[in-house]
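Novice: Per the working numbering, the sequence shown runs over residues 456 to 814. Got a structure for you, questions after.
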Amino acid sequence: MNQNLELPQIKNSSPTEGIKVDMSEIQSMLRISTIGMAVISEDTKILEANQHLCTILGYTRQELLILSYPDIVLDNDLSMHGVENNNQVRKYLNKKGQTVWGYSSLRKVVVKDQETILFIDQVYDITKEKMLESACNSMADELKELSYSVSHDLRSPLRSILGFSQALKEDEMDNLSDEGKDHLKRIYNASVRMGKMLDELLGLARLSLQKTRPQNIDLTQLIKETIEGFKTDSKYNFEIEEGLVTNGDLKSIKKLFENLIDNAIKFSSKEFAPTIKVGTTKHEGSTVFYVRDNGAGFDQAYADKLFGAYQRLHTPEEFEGTGMGLAIVKRIVSQHGGKIWAESKPNRGATFYLTFSMS
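In structure tokens:
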């Protein structure tokens, strides 16, 4: 690094604006900065660059010092005029002519005791993040196409099956044998089930596209309102811990607890006195939420399958459902940077534990 940075003598400048610094401070910043950094003159010449910027752009220091700032920045309206403090994402051009994304903090400074204005650009390389963002956007587009296909292309034949099944039931039921009536019933019920599965698949796809809008949530109140919405039999006993709060997307968190409580209600429905508890406990030194029931439970050996799409540990004859409820729960927890797991034994109930990193 050049220890004696030669500054251009700029006449008729008005160095009254900008941060006042010593040359020694600039030299120190160049040495210790852990991100890319360039010193630029008022006429956009690159006067100095640190090794981090050289690495980001693939140039040697000597190569950068014969370039101007517009040579490495893809900005058709680049000008130092009026710049004081400017933070923004910029597109840079490396030695190979490839685009490098950087978060730029461009600052105007005035060198003390000299009639000299300089600009310091500190650059954090975000190319990998931008590539990931592009990949996520591409996936989002594919999910949108899938949602459209499910909504239109797959529903059309399903509506036909349901329609003709209903027509046969209304017009030809008396002409069918008992076996034929059973077949028709099976076709109709399977079509209805398929429709529900498509609805859940669409819900999961939409959830993947949804942006979270964090806010403080009174979980105790939300859960009590959710339980009231189920209109359960009076035999159910609900125990909800007071003072439960979290931070997250209200719509998503509501859906999460709707699914978990619905799951608990369903699998404890055959108990004489079904009890469902929601609260917090300590796990490995951290506070976690839980939803617990005293219902059918499951074999812990299959716990990993619980959160997969269309995964079921019980037959539809035992407990109805599409097998998508917990997959949606898992997706919501992941969106909130948390984790979820379950513990159970057959006929001993189940407990679902979950965390949110936004809490």
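We treat Cβ as the ideally placed atom computed from N, Cα and C, and that holds for glycine.
Hey, residue 731 and residue 691 are a contact pair by Cβ (cut 8 Å); roughly how many whole angstroms apart?
Specialist: Taking the first residue of the sequence shown as 1, we reach residue 731 at position 276. Taking the first residue of the sequence shown as 1, we reach residue 691 at position 236. 7 Å between Cβ atoms; contact.
Novice: Just to confirm before moving on: does the CB-CB distance between residue 719 and residue 746 stay below 9 Å?
Specialist: The residue given as residue 719 occupies position 264 in the sequence shown. The residue given as residue 746 occupies position 291 in the sequence shown. Against a cut-off of 9 Å, the Cβ pair of residue 746 and residue 719 comes out as a contact.
Novice: Check the C-beta distance from residue 572 over to residue 497 and give it rounded, since I have them as a contact under 8 Å.
Specialist: In the sequence shown, the residue the question calls residue 572 occupies position 117. In the sequence shown, the residue the question calls residue 497 occupies position 42. About 5 Å; that satisfies the 8 Å criterion.
Novice: Runs of 4 residues minimum, wholly inside the region 478 to 560: which ones carry the alpha helix (DSSP H) assignment?
Specialist: List check, alpha helix (DSSP H) in window: 478 to 487, 506 to 512, 516 to 519, 524 to 527.
Novice: Taking the alpha-carbon positions, what's the residue 640 to residue 761 distance?
Specialist: Here residue 640 refers to the residue found at position 185 of the sequence shown. Here residue 761 refers to the residue found at position 306 of the sequence shown. Each residue's alpha carbon lies about 29 Å from the other.
Novice: Assuming residue 780 contacts residue 811 under a Cβ cut-off of 8 Å, what Cβ separation, rounded to an integer in Å, is found between them?
Specialist: The residue you call residue 780 lines up with position 325 of the sequence shown. The residue you call residue 811 lines up with position 356 of the sequence shown. Actually they are not in contact, since the Cβ atoms of residue 780 and residue 811 sit about 19 Å apart, beyond 8 Å.
Novice: For residue 798, which of helix, strand or coil comes out of DSSP?
Specialist: Counted from its first residue, the sequence shown places residue 798 at position 343. Of the three classes helix, strand and coil, the one that applies to residue 798 here is strand, per DSSP.
Novice: With DSSP as the reference, identify every bridge partner of residue 745, one or two as the case may be.
Specialist: Along the sequence shown, one-based indexing puts residue 745 at 290. DSSP, once it has assigned bridges, lists 734, 808 as partnering residue 745.
Novice: For residue 469, count neighbouring C-beta atoms within 10 Å of its own C-beta (all shown protein chains included) and say buried if the count is 16 or more, exposed if not.
Specialist: Residue numbering aside, residue 469 sits at position 14 when the sequence shown is read from its first letter. Caution applies to residue 469, whose pLDDT of 46 falls short of 50 and renders its modelled position unreliable; the value that the coordinates give is listed next. Flag for residue 469 reads exposed.
Novice: Nearest CA to the CA of residue 699: which residue from 687, 712, 688, 706?
Specialist: Stepping through the sequence shown from its first residue, residue 699 is reached at position 244. If we check each option's Cα against that of residue 699, 712 comes out closest.
Novice: If you pair each beta-carbon of the region 575 to 587 with each one of the region 546 to 564, do three or more pairs fall below 8 Å?
Specialist: Verdict: yes, contact present.
Novice: Can the beta-carbon of residue 613 be found less than 9 Å from the beta-carbon of residue 653?
Specialist: Residue mapping note: residue 613 aligns to position 158 of the sequence shown, counting from 1. Residue mapping note: residue 653 aligns to position 198 of the sequence shown, counting from 1. Yes. Within cutoff.
Novice: Would you give the residue range spanned by the beta strand (DSSP E) that residue 573 belongs to?
Specialist: Your numbering for residue 573 matches position 118 in the sequence shown. Its beta strand (DSSP E) spans residues 572 to 580.
Novice: Count the other C-beta atoms from every protein chain shown that fall within 10 angstroms of the C-beta of residue 622, then say buried if there are 16 or more, exposed otherwise.
Specialist: Here residue 622 refers to the residue found at position 167 of the sequence shown. It is exposed - the Cβ of residue 622 has fewer than 16 other Cβ atoms within 10 Å.
Novice: Is the CB-CB distance between residue 708 and residue 674 below 9 Å?
Specialist: Within the sequence shown, numbered from 1, the residue matching residue 708 stands at position 253. Within the sequence shown, numbered from 1, the residue matching residue 674 stands at position 219. Yes, they are a contact pair.
Novice: How many Å lie between residue 546 and residue 530 at the Cα?
Specialist: For this step, residue 546 is matched to residue 91 along the sequence shown. For this step, residue 530 is matched to residue 75 along the sequence shown. The straight-line gap from Cα to Cα measures roughly 7 Å.
Novice: Considering only residues of the same chain and omitting the five flanking positions on each side of residue 752, which have a CB-CB separation below 8 Å?
Specialist: Counting from 1 along the sequence shown, the entry for residue 752 is found at position 297. Closer than 8 Å at Cβ, skipping near neighbours: 722, 799, 800, 801, 802, 803, 804, 805.
Novice: Measure from the alpha carbon of residue 637 to the alpha carbon of each residue in 797, 475, 624, 647, then state which is nearest.
Specialist: The sequence position of residue 637 within the sequence shown is 182, counting from 1. Nearest of 797, 475, 624, 647 to residue 637, Cα basis: 624.
Novice: Buried or exposed: residue 515, going by 16 or more other Cβ atoms within 10 Å of its Cβ?
Specialist: Here residue 515 corresponds to residue number 60 of the sequence shown, with the count starting at 1. Flag for residue 515 reads exposed.
Novice: Whose CA, out of 566, 734, 740, 756, lies closest to the CA of residue 476?
Specialist: For the purposes of this step, residue 476 is taken as residue 21 along the sequence shown, with counting starting at 1. It is 566.
Novice: So the candidates are 490, 500, 499; which of them puts its Cα closest to the Cα of residue 512?
Specialist: Stepping through the sequence shown from its first residue, residue 512 is reached at position 57. Measuring from the Cα of residue 512, the nearest candidate turns out to be 490.
Novice: Taking only the alpha-carbon atoms, compute the straight-line gap between residue 714 and residue 784 and give it to the nearest angstrom.
Specialist: Within the sequence shown, residue 714 is the residue found at index 259, counting from 1. Within the sequence shown, residue 784 is the residue found at index 329, counting from 1. For residue 714 and residue 784, the distance between alpha carbons rounds to 7 Å.
Novice: Spatial neighbours of residue 703 within its chain, please: C-beta separation below 8 Å, excluding the five flanking residues on both sides.
Specialist: Looking up residue 703 in the sequence shown gives position 248. Only 667, 669, 670, 672, 791, 811, 813, 814 meet the Cβ criterion.
Novice: Measuring only the C-alpha atoms, how far is residue 727 from residue 645?
Specialist: Counted from its first residue, the sequence shown places residue 727 at position 272. Counted from its first residue, the sequence shown places residue 645 at position 190. The straight-line gap from Cα to Cα measures roughly 31 Å.
Novice: Considering residue 679, what are the terminal residues of the alpha helix (DSSP H) in which it resides?
Specialist: Numbered from its first residue, the sequence shown carries residue 679 at position 224. Residue 679 -> alpha helix (DSSP H) spans 674 to 685.
Novice: Is the beta carbon of residue 795 sitting closer than 9 Å to the one on residue 710?
Specialist: Taking the first residue of the sequence shown as 1, we reach residue 795 at position 340. Taking the first residue of the sequence shown as 1, we reach residue 710 at position 255. No, the pair does not count as a contact, with Cβ atoms beyond the cut-off.
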